[in-house]
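Protein chains in written order, with UniProt numbering: chain A, 1 to 936; chain B, 1 to 197.
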């Protein structure tokens, strides 16, 4: 069973194979296939013999057997050769690698056997071991795509292929061949685009591709310069980008090489003979352009420049110009020429025509002017274009006599004046002036008296000797001669004050003048303007107006803003000019440049009279329309008056109080106010008021105060007495003082500073007076020092002190300070310089009563020593030793009393009165005491 | 380049010093020229395949300084000839528009001529050496514009190399060389005789 199945399968396969072979085998295989490569064109031509007309073609890259073409083509037999031929354009240079091809015939679905493979070797075969790149030096249009291949030399590695600066992606085609494809290539640089193949360590090989454009030339135009030959020119158009010598555009004109253009000098070609039509062919490796032109020779005449231009006859007002032509044929050509004359403000263009024009007369020139002439011509019939310009030629015309001067005479008084004339312009002077000649004649004198003036003078003073008119003639002189004299007769002087002048208002800075026509103005009118009030060398200006006119506009150009002008109109005749009308006005009013003058305030009671004077006319710069008065406050000006009458130059400011004021006065014109003048005033009272307020009132107040103080003191005399003149309490001594136990030897303590302490609740019944102990040894020393320093005897001080008041500290400090100053409010230190002793006698001590110290004045130093000694002695006896123990005749007492020097009470309520006459109580004290005591 | 100090190791003065300074300056110019060309042509900085175009006898230590200068002078002379070929061919083939490269190229040519004239004064009387050029322009240019460009690069590389060699040699010369030219001449003749053997 299995054997049958196998047999059946083999049979079926055998039938299938025989059927297939029968389909192929019916067509003969193409014969004699040959490959003919065209390497620069990258084409491969295949030729073969066959009876069929339809073929299958296959082309491989041989080494890797990559199919690069598989196509069925219909190719008929060439009747001449009897061969079939077909050409394939390879995108890859055929040198890059070996290519193989084979072919078979096809008839519908049946095909023949493939022909044997035919191969063309590439440059990557082992026999060619060096590196190579293809294609080399290709010229391609911008935007095209291109494939490059690099064949790496044997035993060298491959790294990359660069297109310009761009690294490309490479494809391997064989063992040694790599390829890249550059798409949409941009235009190359000057030396083409480099494609470089590199290994890891070397630059192996490379190629240059030139990417550019086909020629873009256009606009061929041919013309003749010599009426025989032709010169054709055109525009270059777009840059081809191809600068390699073999890639540059080549030009031919009517089939002849255009050497001028091919040498890249100029975009033109010449031809020795004129032809009716012209064809320019521009060709480069990327394309060809044909440019056409056709014209008659006479319609394309472009004349050369005239040569040898010269001025053969130059006069003051004209010149004759000659030139020649470099082409003889021009002499018969009907031509038109154009002359351009250049001079300062005298440029002009003039046309001339004629056959073979070579000379013209230049009319209407100006004397003494430098002209530069440029000349060019063209064909009159069938004018094509102006020819080349001649070289500039300079002509200087001759001088001529000057024109007559414009003369005017201005009188600044009845017998003095000045003749003015205007400088001549270049057009009128006809040559540089060398001076002026002024002649004058009067009725009394015969003939003219000439005076020569240098060219810088434009005026001449005139003096009328007898008040009669004189006539002045002025002429200008240049090297060519003297001008016609201009005459003027002195006009009658009319001062401004003699005339009723009207104010002249300006219109846009100009004065529009009009006047009544005057029958005597046979020579017209003269309008004169001069700054008002000017004297001496004044800028007098004038303008002559024809007699037919009776109006004139004085432009702002000849006027200065802010200057007042006096404008006069004169009628001109053969005699003296006659004044017709006079105005004054400003072309443009401005604010005054200076403030009012002499601004003074004058107080009158509570009023202030401000007075001032107007500023000088030259500073007014406009008609003064009035004044404004301001009161200057700290931050602003307060308008207090506006005086619209400029003649009013004072103002009274009323009702001012006593204070300081600052006033500002400003003059104003139609343009505004000036900066203002300021004056300050301080309002003061009248003399009577000052007497009353200044003297009597203070006196009255003082008197009243005194009375009040007196009344008050009287009413409160008890309090005053208590406060300022307290009773000195009597000493309270323990023990029985009524009967003396013996002679009392009362000695004052050597340190006899006694403090009386006063308390507001001072009570005489209390022990309020106590001797201040000399606090410490230091205090003692201090006191001693104080005493020693003082010129005064030792001071006795009483302190009224509340008993038990712990103010010893203060006392200590006080005692260390000045010995005769009060302490504080609760303590009153009183130093009694001399109080009348109460009734007492020296013998009172013996009587057991209080005995004041009777001391004679002795030097202060000695008692102190004694004082210390006594103090030590006293210290042995506790308790107080009454003064009775003090013996008057004791030398110590005498010494001691000398140290006291002033009435002193030690522990007594009585004042101690020294008997010294020097220390008698003052009467005032007595009076005051009585007063306080209520005694009369 | 370490030996190419500003004043030379031995403090050359006078004509030899000026020649050395000129050689150093020219060497820098050649480096700049090569760099300018590479930049203008977008060429990689890797060297071009091939040896130096100009070949000379090896500068063995046994040679005197004067003999070395003579040999280098011959090499520089060939370099100048190659450079002039480059200029002629470049201007003929490519755009004649002005560029910084072309200005520098002219500078190098002029200074190379000056250096040759200057080194000629240092040569030994009557002694001549010749340098050889391995590959002439015609063979290289047959491969197209790129071949021409690569040949230009090789010429410029040679210029850099030989001007550097000359500068180094001149700076290594002793200062007293130009003080005793007669003595040097005798010694040089002896050395030259050895070379010829």
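Ideal placement from N, C-alpha and C gives every residue a C-beta, glycine not left out.
Here the C-alpha atom of residue 553/A lies approximately 6 angstroms from the C-alpha atom of residue 511/A. Boundaries for residue 421/A: no alpha helix (DSSP H) harbours it, while the beta strand (DSSP E) harbouring it runs 416-421, taken from the DSSP string.
Residue 664/A holds the alpha-carbon nearest to the alpha-carbon of residue 680/A among 717/A, 664/A, 695/A, 670/A.
Around residue 48/B, the beta-carbon contacts reaching into chain A at under 8 angstroms are 202, 203. Classified as buried, residue 60/A has 16 or more neighbouring CB atoms from the shown chains inside 10 Å of its CB.
Closer than 8 angstroms to the CB of residue 208/A there is at least one CB belonging to chain B.
At a cut-off of 8 angstroms between beta carbons, residue 135/B makes no contact with chain A. Of all residues in the stretch 94-113 of chain B, only 94, 95, 96, 97, 99 come within less than 9 angstroms of chain A when Cβ atoms are compared, listed by chain position. Against chain B, the CB of residue 149/A has no partner CB under 8 angstroms away; the residue lies outside that interface. By the C-beta criterion, the stretch 137-152 of chain A is judged to be in contact with the stretch 193-210 of chain A, since at least 3 inter-stretch pairs fall below 8 angstroms.
Interface criterion not met: the Cβ of residue 21/B is under 8 angstroms from no Cβ in chain A. Distance from the CA of residue 576/A to the CA of residue 488/A, rounded to the nearest whole angstrom, comes to 7 angstroms. At least one beta carbon of chain A lies nearer than 8 angstroms to the beta carbon of residue 92/B. Residue 64/B carries a coil assignment under DSSP once its states are collapsed to helix, strand and coil. Here DSSP, grouped into helix, strand and coil, assigns residue 513/A to strand. It is roughly 17 angstroms from the alpha-carbon of residue 479/A to the alpha-carbon of residue 423/A. Straight-line measurement puts the Cα of residue 597/A at about 10 angstroms from the Cα of residue 678/A.
By the Cβ criterion, the stretch 36-53 of chain A is in contact with the stretch 85-93 of chain A, since at least three pairs of Cβ atoms, one from each stretch, lie closer than 8 angstroms. Membership of residue 230/A in the beta strand (DSSP E) is indicated by the continuous run 230-235. When C-alpha distances from residue 434/A are compared across 442/A, 177/A, 455/A, the shortest belongs to 455/A. With fewer than 16 other Cβ atoms inside 10 Å of its own Cβ, residue 292/A counts as exposed. Interface with chain B (8 angstroms Cβ-Cβ cutoff): residue 161/A is excluded. The residue among 136/A, 137/A, 98/A with its C-alpha nearest the C-alpha of residue 121/A is 98/A. Annotation: residue 64/B to residue 19/B spans about 18 angstroms, alpha carbon to alpha carbon.
A residue is called buried once 16 or more other Cβ atoms fall within 10 Å of its Cβ, and residue 284/A is buried on that count.
Following the DSSP letters along the chain, one finds residue 626/A inside the beta strand (DSSP E) bounded by residues 626-632.
Neighbours of residue 184/A in chain B, taken as residues whose beta carbon is under 9 angstroms from its own, are absent, since the nearest beta carbon is some 18 angstroms off. Taken through DSSP and simplified to helix, strand or coil, residue 244/A comes out as coil. Leaving aside the five residues that flank residue 384/A on each side, the residues in its chain whose CB is nearer than 8 angstroms to its CB run, in chain order, 223, 299, 300, 301, 302, 378. DSSP places residue 355/A in the strand class (E or B) of the three-state scheme. Per DSSP, residue 550/A has no beta bridge partner at all. Around the C-beta of residue 709/A, fewer than 16 other C-beta atoms lie within 10 Å, and the residue is accordingly described as exposed. Beta-bridge partners assigned by DSSP to residue 545/A: 525/A. If you compare the alpha carbons of 145/A, 56/A, 126/A, 81/A with that of residue 101/A, the shortest gap goes to 56/A. Counting the other Cβ atoms within 10 Å of the Cβ of residue 685/A gives fewer than 16, which makes it exposed. Here the alpha carbons of residue 101/B and residue 89/B stand approximately 15 angstroms from one another.
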